[in-house]
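**Student:** Shown below is the structure under consideration.
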Amino acid sequence: MNFTLLGWNFRSTPLEVRDRISLTENEQLELVHHIKASCGIQESVLLSTCNRTELFLYNMERPEEELLEVLQNYWGIPELLQSHYLLREEKALHHLFRVASSLDSMVVGEPQILGQLKEAFGRFHENRLTGRFLYAMFTRAFSVAKRVRTETSIGDNAVSISYAAVELAKRIFEDIRQQKVLVIGAGEMAELAILHLLRTGIHQLKVTNRTFSNAAKLAEQFQASVFPFEKLYSELPDADIVISSTGAREPILTPDRVRASLRKRRGRAMFFIDIAVPRDIDPSVNDLSGVYCYDIDDLQGVVEQNREERKEQSNLAEKIILEEQEKVMQWFETQSVIPLVKNLRESFSETVELELQKTLGRLGSLSEKQQAEVEKMARVLTNKLLHKPSTRLKHLSGREDLHLYLETLSELFDLDPNHSKQESISQPALKLLKK
430 MNFTLLGWNF
440 RSTPLEVRDR
450 ISLTENEQLE
460 LVHHIKASCG
470 IQESVLLSTC
480 NRTELFLYNM
490 ERPEEELLEV
500 LQNYWGIPEL
510 LQSHYLLREE
520 KALHHLFRVA
530 SSLDSMVVGE
540 PQILGQLKEA
550 FGRFHENRLT
560 GRFLYAMFTR
570 AFSVAKRVRT
580 ETSIGDNAVS
590 ISYAAVELAK
600 RIFEDIRQQK
610 VLVIGAGEMA
620 ELAILHLLRT
630 GIHQLKVTNR
640 TFSNAAKLAE
650 QFQASVFPFE
660 KLYSELPDAD
670 IVISSTGARE
680 PILTPDRVRA
690 SLRKRRGRAM
700 FFIDIAVPRD
710 IDPSVNDLSG
720 VYCYDIDDLQ
730 GVVEQNREER
740 KEQSNLAEKI
750 ILEEQEKVMQ
760 WFETQSVIPL
770 VKNLRESFSE
780 TVELELQKTL
790 GRLGSLSEKQ
800 QAEVEKMARV
810 LTNKLLHKPS
820 TRLKHLSGRE
830 DLHLYLETLS
840 ELFDLDPNHS
850 KQESISQPAL
860 KLLKK
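The sequence shown begins at 430 in the working numbering and counts up by one.
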């Protein structure tokens, strides 16, 4: 199969490192083009979210150690070698299915990861960095995720990092409804945070974003106040709770900025919840008196409460994933005999066609209808003769001694078991895989 997964996620890698390997969309494409050229990779997809950076690779020519060296040089981070995970073949496929089904998420059952995975695949597919293999694997992963959602209740009351952030704020304040909240950002995470905040009864809510129109649209949707990003530091002292989720490459809230806000608040504490990667808030603001700052890793405790509630549904989902994984692996085993079956059919067809033309020449003047009947009979006979051996070969595809059958058949009919004039993974086969 030659399928490899290389990744770093919230379990294996600290946030400080995840910050540094988080990439913009353009940077993701740049990196994949770089490793494709350096390591001879045929197909690639890179998934980069706040909780994971994962490379899905097909048909890599160079050793995996060379890929790690290329990435380490690209990012300039020695810690990459200590915190990565590397999965191959069936284990890589299993991981892809778990990620798509939200079983590998910090918040099990959250729906965002499937959308992020679809978006990542779509972007790399549009840029011609995927091919038939990853197309088949990812579309199958999407259908597995749909089945998990349909056949289990793992998504019922599903929470997200944004939900966990609001839950944390509720624990901090005796009555969160009386607090003034500022949300920085206008993306999906910010939108979800606002949605959950409003459900708690918050009514003093402000929104800002670098692109004012996006913030205004979000504020209008949820009847919140909005102000231009340029006024962030003048508005900051008014906020009791700040939830930040932007795509900034550098912290937008530094100790100096927060210290200035604290002076204007005259001793009133400020709570910051940073759900951005890279982080929006410099972690050293936690050293300031009267400041409590939580980042995405701190939310793990809130998330853990969810895990027990979803354990039973997760077990059902795992069974579905194993079933679907087995189907794919059986399909791959079947693929190992397809080149020989096609070669056998091509050989028979060439012989039949040659003899058919000789026979038609000897028969003399036949009508078009008669000639068509003779040709039809020859082709039907060929298909009937080859049907049983072809079917039998596919049924033998899971056996350890399959190679003996292939070698014997190749020797008997003078065939090359690895050669076919047609592509080894056909469109009908891909359709079968995606069912």
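We treat Cβ as the ideally placed atom computed from N, Cα and C, and that holds for glycine.
Small disclaimer: the values here were computed from a predicted structure and weren't measured.
1. With distances taken Cα to Cα, identify the nearest neighbour of A574 among E539, L558, G560 and A593.
2. Indicate the three-state DSSP secondary structure (helix, strand or coil) for S589 in the structure shown.
3. Tell me, please, which residues DSSP counts as bridged to V536.
4. Looking at V655 and A668, is the spacing between their C-beta atoms short of 7 Å?
5. Kindly list the residues whose CB is nearer than 6 Å to the CB of V577, restricted to its own chain and excluding five residues on each side of it in sequence; keep chain order.
6. In chain order, what residues of the same chain have a beta carbon less than 7 Å from the beta carbon of Q856, not counting five sequence neighbours either side?
7. Quick check on C722: does DSSP put it in helix, strand or coil?
8. Starting from the C-beta of W437, find all residues in its chain whose C-beta is less than 8 Å away, skip the five residues before and the five after it, and write them out in chain order.
9. What's the call for M806, buried or exposed, on a 16-neighbour Cβ count within 10 Å?
10. Could you have a look at R628 and say whether DSSP puts it in helix, strand or coil?
11. Spatial neighbours of I670 within its chain, please: C-beta separation below 6 Å, excluding the five flanking residues on both sides.
12. Counting only the same chain and skipping the five closest in sequence on each side, list residues whose C-beta sits under 8 Å from that of Q754.
13. Is I613 near S673, with beta carbons less than 7 Å apart?
14. Would you call the region 647–662 and the region 693–709 in contact, with 3 or more CB pairs under 8 Å?
15. Using only the alpha-carbon positions, how far apart do V731 and E596 sit?
16. With R606 and I631 assumed to form a contact (beta carbons below 8 Å), what rounded beta-carbon distance in angstroms separates them?
17. Tell me the residue span of the alpha helix (DSSP H) that contains Q457.
18. Step through the CB atoms of chain B and report whether any lies within less than 7 Å of the CB of E548.
19. Determine the burial state of N431: buried for a count of at least 16 other Cβ atoms within 10 Å of its Cβ, exposed for fewer.
**Tutor:** Quick answer:
1. Taking the first residue of the sequence shown as 1, we reach residue 574 at position 145. Measuring from the Cα of A574, the nearest candidate turns out to be E539.
2. Position 160 of the sequence shown, counted from the first residue, corresponds to residue 589. In this structure, S589 counts as coil in the three-state DSSP scheme.
3. Here residue 536 refers to the residue found at position 107 when the sequence shown is read from its first residue. In DSSP, V536 forms no bridge with anything.
4. In the sequence shown, the residue the question calls residue 668 occupies position 239. In the sequence shown, the residue the question calls residue 655 occupies position 226. Contact flag unset, no.
5. The residue labelled residue 577 in the question sits at position 148 within the sequence shown. Closer than 6 Å at Cβ, skipping near neighbours: S530, A746 and I749.
6. Taking the sequence shown and counting its residues from 1, one reaches residue 856 at position 427. Only weak support is given to the placement of Q856: the predicted model assigns it a pLDDT of 42, under 50, and the value that follows is read from those uncertain coordinates. Same-chain partners within the cutoff: there are none.
7. Here residue 722 is taken as the residue at index 293 of the sequence shown, counted from 1. Note: C722 maps to strand in three-state DSSP.
8. Translated into the one-based positions of the sequence shown, residue 437 becomes position 8. Taken in chain order, the residues that qualify are V446, R447, I450, R481, T482, E483, L509, S512, H513 and Y514.
9. The residue given as residue 806 occupies position 377 in the sequence shown. M806 is exposed by the Cβ-count criterion.
10. Taking the sequence shown and counting its residues from 1, the one referred to as residue 628 is at position 199. DSSP places R628 in helix when its eight states are reduced to three.
11. Taking the sequence shown and counting its residues from 1, one reaches residue 670 at position 241. Result list for I670: A598, Q608, V610 and F700, in chain order.
12. For this step, residue 754 is matched to residue 325 along the sequence shown. Result list for Q754: E519, L522, H523 and F526, in chain order.
13. Along the sequence shown, read from residue 1 onward, the residue named residue 613 stands at position 184. Along the sequence shown, read from residue 1 onward, the residue named residue 673 stands at position 244. Cβ distance < 7 Å, so I613 and S673 count as in contact.
14. no
15. Within the sequence shown, residue 731 is the residue found at index 302, counting from 1. Within the sequence shown, residue 596 is the residue found at index 167, counting from 1. Distance between the alpha carbons of V731 and E596 is about 7 Å.
16. For the purposes of this step, residue 606 is taken as residue 177 along the sequence shown, with counting starting at 1. For the purposes of this step, residue 631 is taken as residue 202 along the sequence shown, with counting starting at 1. 6 Å between Cβ atoms; contact.
17. If you number the sequence shown from 1, residue 457 lands on position 28. Start and end: E454 to C468.
18. This model lacks chain B altogether; it includes just one protein chain.
19. The sequence position of residue 431 within the sequence shown is 2, counting from 1. With fewer than 16 Cβ atoms within 10 Å of its Cβ, N431 is classed as exposed.
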